[in-house]
Amino acid sequence: MTSILAQANADVRLDANAVDYLLVAFYFLLVLGIGYMARRSVSSSLDFLLSGRSMPAWVTGLAFISANLGALELIGMMANGAQYGIATVHYYWIGAIPAMVFLGLVMMPFYYGSKARSVPEFLAKRFNRTTQRIQGVIFAVASILIAGVNLFALGLIIEALLGWPLTVAIPVAALVVLAYTTLGGLSAAIYNEVLQFFVILALLIPLTLVGLNRVGGWNGLVEKVTAGPGGAEQLSSWPGTELTEIANPVLSVIGIVFGLGFVLSFGYWTTNFAEVQRALSAKSMSAARRTPIIGAFPKALIPLVVVIPGMIAAVLLPQIQAVKAAGGSVDGITYNDSLTLLMKDLLPNGILGVAIAGLLAAFMAGMAANISSFNTVFTYDLWQDWIKPGKSDRYYLQVGRWVTVIGCILAIGTAFIASGSQNLMDYIQALFSFFNAPLFAIFILGLFWKRMTGTAAWIGLLSGTVAAVAVDLLVRFDVLQLSNQAGSFVGASAAFIVGVGVAALVSTAGRPKAEAELTGLVWSLTPRASRTHTTEGDDAGWYRSPQLLAVLVLILVVVLYIIFI
Numbered sequence: 001m002t003s004i005l006a007q008a009n010a011d012v013r014l015d016a017n018a019v020d021y022l023l024v025a026f027y028f029l030l031v032l033g034i035g036y037m038a039r040r041s042v043s044s045s046l047d048f049l050l051s052g053r054s055m056p057a058w059v060t061g062l063a064f065i066s067a068n069l070g071a072l073e074l075i076g077m078m079a080n081g082a083q084y085g086i087a088t089v090h091y092y093w094i095g096a097i098p099a100m101v102f103l104g105l106v107m108m109p110f111y112y113g114s115k116a117r118s119v120p121e122f123l124a125k126r127f128n129r130t131t132q133r134i135q136g137v138i139f140a141v142a143s144i145l146i147a148g149v150n151l152f153a154l155g156l157i158i159e160a161l162l163g164w165p166l167t168v169a170i171p172v173a174a175l176v177v178l179a180y181t182t183l184g185g186l187s188a189a190i191y192n193e194v195l196q197f198f199v200i201l202a203l204l205i206p207l208t209l210v211g212l213n214r215v216g217g218w219n220g221l222v223e224k225v226t227a228g229p230g231g232a233e234q235l236s237s238w239p240g241t242e243l244t245e246i247a248n249p250v251l252s253v254i255g256i257v258f259g260l261g262f263v264l265s266f267g268y269w270t271t272n273f274a275e276v277q278r279a280l281s282a283k284s285m286s287a288a289r290r291t292p293i294i295g296a297f298p299k300a301l302i303p304l305v306v307v308i309p310g311m312i313a314a315v316l317l318p319q320i321q322a323v324k325a326a327g328g329s330v331d332g333i334t335y336n337d338s339l340t341l342l343m344k345d346l347l348p349n350g351i352l353g354v355a356i357a358g359l360l361a362a363f364m365a366g367m368a369a370n371i372s373s374f375n376t377v378f379t380y381d382l383w384q385d386w387i388k389p390g391k392s393d394r395y396y397l398q399v400g401r402w403v404t405v406i407g408c409i410l411a412i413g414t415a416f417i418a419s420g421s422q423n424l425m426d427y428i429q430a431l432f433s434f435f436n437a438p439l440f441a442i443f444i445l446g447l448f449w450k451r452m453t454g455t456a457a458w459i460g461l462l463s464g465t466v467a468a469v470a471v472d473l474l475v476r477f478d479v480l481q482l483s484n485q486a487g488s489f490v491g492a493s494a495a496f497i498v499g500v501g502v503a504a505l506v507s508t509a510g511r512p513k514a515e516a517e518l519t520g521l522v523w524s525l526t527p528r529a530s531r532t533h534t535t536e537g538d539d540a541g542w543y544r545s546p547q548l549l550a551v552l553v554l555i556l557v558v559v560l561y562i563i564f565i
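Spelled out as structure tokens, the structure:
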């Protein structure tokens, strides 16, 4: 076993030279410098945890999408591209864009207008403190687990670059993220995420162009994929039977549209505070509404430089070809190694240094997003509102800094949990089905049904979570004959249906809040004027209209689907 792991490490070791190391060192210094500069603007807990709600829309929009460009996006989606082909685009075009548009147009007026500092705090306003506390604990656990995924991926890159074992690489990676998030809080995370967005593109674009050149352009890639193990099916997005591993095409489409496109997608993008936090830091209602919609434009195009390189890896790299032919790990190499192997094979020194910096940027952005949202929820929803209320603002500022440290330490532990996954995407989707789908169920029901009660909310939330975990266990023990991907879709659907059903049933036996208490929290009780934004000053101009931007990005997605249908 030791010799196999040693061979695997040698295969993915990047041939970096002094120039590459200097570029990486410069990037680390730049990141820490931004953290130090952001520290100057931190004088209160609101500054540290929500950037004082002062950010312009273009900054929060890029940070919104950059926070999602972590291990899930690069290693996980590229692994999926290698394994499943073009069908992976569903995670973007139906599994992200509609939900991001819905968040901007429908939900942000309630989040931002309620002055809630977090998603659990919004639940306290809509339902009760019990729901806030239960969701606060669930979100804290989810954030640390997902931060561990990004930290594990970051450790893999440091291991590949320097040859350090993961037991050293993971704590070192955590220390860098800890340094700038502790110094400058959310402002440091957001400004670094904007920088990281462009550095990530500096990795992905050359990798895609050089890869296409090596396989003979798009036509050459089509020929090689068609002749490979997956065949021509991997060049079509629908019905996606290989992705879902549901043999019936109709059921496969239903699984993608309902399980991924509705429950998992809306559950993640509309209620995940790691994303919503970026919009809440915007300086106005209009900027907050535009934040996820601005982020949707690059999100729609990212598959072109993530999924396609994954497909290139599957036809160009002998190691990934062997994994695909065998249907699993070969000599310690898995689909998760597609990105580093492709970098090693395609990129010359100098560009390799920029690419390594791009990888580090991606994983630091993902981890920092989860840690910064974790410290906000823990500080506000658990510590201030529950455990230690009534302290000074300076006290909670210090708590926020210490919670950041604790979160990074816990993420080191969960990184080793993530290391046991053959495909990070499977692991991430399982976590989303546990934590996001049940929350979306009670959130959307409470937003549109004024009769829903506080007791129903937390019981429905826990019931949905139990349902998702139960499905996952049935899949793991082969009681349900489903792949991990399909299991996540079914688990998320079960969580949503059970959550809504239980919450509706419990609500019939309870007394809802008075309508006067629900103004601004329930759609039917909120005047239209309260759901609109100003169109003056920085918010003026037809091109700043959230509705116009939403229509344009949806048209872009339709065009892309037509091209890759």
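For the sequence shown, UniProt numbering assigns the number 1 to the initial residue and increments by one for each residue that follows. Note that beta-carbon positions come from the ideal geometry of N, C-alpha and C, so glycine has one too. This one's a predicted model, so the numbers in the text were calculated from it and none came from an experiment.
In this structure, what does DSSP give as the bridge partners for Ala-282? Counting from one through the sequence shown, the residue named residue 282 turns up at place 282. Answer is Met-55.
Check each candidate in Ala-96, Phe-448 and Ala-494 and name the one with the smallest Cα separation from Gly-464. As a working note, residue 464 is residue 464 in the sequence shown. If we check each option's Cα against that of Gly-464, Ala-494 comes out closest.
To the nearest angstrom, how far is the alpha carbon of Leu-360 from that of Pro-206? Taking the first residue of the sequence shown as position 1, residue 360 is located at position 360. Taking the first residue of the sequence shown as position 1, residue 206 is located at position 206. Distance between the alpha carbons of Leu-360 and Pro-206 is about 16 Å.
Among Val-553, Ser-488 and Ile-356, which one has its Cα closest to the Cα of Gly-259? The sequence position of residue 259 within the sequence shown is 259, counting from 1. Looking at the Cα atoms, Ser-488 is the closest of the given residues.
Within its chain, find whatever has a CB closer than 7 Å to the CB of Asn-17; leave out the 5 residues flanking it on each side and keep chain order. Within the sequence shown, numbered from 1, the residue matching residue 17 stands at position 17. So the list reads Asn-349, once near-sequence residues are dropped.
Burial state of Arg-476 (16 or more Cβ within 10 Å): Locating residue 476 in the sequence shown gives position 476, counting from the first residue. Counting Cβ neighbours within 10 Å, Arg-476 comes out exposed, since fewer than 16 surround it.
Quick one: using the 10 Å Cβ neighbour count with 16 as the cut-off for buried, is Ala-529 buried or exposed? Counting from 1 along the sequence shown, the entry for residue 529 is found at position 529. Under this definition Ala-529 is an exposed residue.
May I ask you to list the residues that DSSP assigns as paired with Leu-141? Residue 141 sits at position 141 when you count from the first residue of the sequence shown. Position check: residue 141 holds Val in this sequence, whereas Leu was assumed. Beta-bridge pairing links Val-141 to no other residue.
At 3 residues or longer, and completely inside the stretch 357–423: list those beta strand (DSSP E) runs for me, N to C. none
Over the uninterrupted alpha helix (DSSP H) stretch that includes Asp-345, give me the two end residues. Within the sequence shown, numbered from 1, the residue matching residue 345 stands at position 345. Segment 338–346, the alpha helix (DSSP H) holding Asp-345.
Can you tell me which of the three DSSP states Ile-562 falls into? Here residue 562 corresponds to residue number 562 of the sequence shown, with the count starting at 1. In the structure shown, Ile-562 sits in a helix (DSSP, three-state: H, G or I).
Which same chain residues, not among the five before or five after Val-101, have their C-beta less than 8 Å away from its C-beta? For the purposes of this step, residue 101 is taken as the residue at position 101 of the sequence shown. So the list reads Pro-292, Ile-293, Ala-296, Ala-550, Val-553 and Leu-554, once near-sequence residues are dropped.
Nearest to Ile-565 (by Cα), restricted to the options Val-89, Ala-67, Ala-468 and Val-31: Walking along the sequence shown from the start, residue 565 turns up at place 565. When each option's Cα is compared against that of Ile-565, the closest is Val-89.
With a threshold of 16 other CB atoms inside 10 Å of the CB of Trp-458, please say whether the residue is buried or exposed. Your numbering for residue 458 matches position 458 in the sequence shown. Buried, by the Cβ-count rule.
Segment contact flag, the stretch 133–153 with the stretch 407–418, C-beta cutoff 8 Å, min 3 pairs: yes
Do Gly-310 and Met-78 count as a contact pair if the criterion is CB distance below 7 Å? If you number the sequence shown from 1, residue 78 lands on position 78. If you number the sequence shown from 1, residue 310 lands on position 310. Their beta carbons are under 7 Å apart, which means Met-78 touches Gly-310 by this criterion.
Is the separation between the beta-carbon of residue 577 and that of Gln-321 shorter than 7 Å? In the structure as shown, the chain begins at 1 and stops at 565. Residue 577 is therefore absent and cannot be evaluated.
Determine, using beta-carbon pairs with one atom in the stretch 26–34 and one in the stretch 242–249, whether at least three such pairs fall under 8 Å. no
Around the Cβ of Ile-442, are there at least 16 other Cβ atoms within 10 angstroms (buried) or fewer (exposed)? Residue 442 sits at position 442 when you count from the first residue of the sequence shown. Under this definition Ile-442 is a buried residue.
C-alpha gap between Gly-353 and Leu-204, whole angstroms: Here residue 353 is taken as the residue at index 353 of the sequence shown, counted from 1. Here residue 204 is taken as the residue at index 204 of the sequence shown, counted from 1. The alpha-carbon atoms of Gly-353 and Leu-204 are separated by roughly 13 Å.
Sort Thr-376, Gly-413 and Glu-73 by Cα distance to Leu-397 and report the nearest one. Walking along the sequence shown from the start, residue 397 turns up at place 397. Considering only alpha carbons, the answer is Thr-376.
For Asn-219, is the classification buried or exposed, using 16 other Cβ atoms within 10 angstroms of its Cβ as the cut-off for buried? Counting from one through the sequence shown, the residue named residue 219 turns up at place 219. Classification of Asn-219: exposed, given that the 10 Å Cβ count is below 16.
Along the alpha helix (DSSP H) that carries Gly-220, what are the first and last residues, could you check? Here residue 220 is taken as the residue at index 220 of the sequence shown, counted from 1. Unbroken alpha helix (DSSP H) run through Gly-220: 217–227.
Using the rule of at least 16 other Cβ atoms within 10 Å of the residue's Cβ for burial, across every protein chain shown, is Val-19 buried or exposed? For the purposes of this step, residue 19 is taken as the residue at position 19 of the sequence shown. When all chains shown are included, Val-19 counts as exposed.
Since Val-330 sits in a beta bridge, which residues does DSSP pair it with? As a first step, residue 330 is located in the sequence shown; it is residue number 330 there, counting from the start. Paired residue(s): Ile-333.
Should Phe-448 go down as buried or exposed, given a rule of 16 or more other Cβ atoms within 10 Å for buried? Residue mapping note: residue 448 aligns to position 448 of the sequence shown, counting from 1. With fewer than 16 Cβ atoms within 10 Å of its Cβ, Phe-448 is classed as exposed.
Please report the straight-line C-alpha distance between Thr-526 and Ala-288, rounded to a whole angstrom. Counting from 1 along the sequence shown, the entry for residue 526 is found at position 526. Counting from 1 along the sequence shown, the entry for residue 288 is found at position 288. So the alpha carbons of these two residues sit roughly 18 Å apart.
Can you say whether Pro-389 is buried or exposed, counting buried as having 16 or more other CB atoms within 10 angstroms of its CB? Locating residue 389 in the sequence shown gives position 389, counting from the first residue. Classification of Pro-389: exposed, given that the 10 Å Cβ count is below 16.
Inspect the beta-carbon positions of Ala-470 and Leu-264 and report whether they are closer than 7 Å. Taking the first residue of the sequence shown as 1, we reach residue 470 at position 470. Taking the first residue of the sequence shown as 1, we reach residue 264 at position 264. Going by C-beta atoms, Ala-470 is not nearer than 7 Å to Leu-264.
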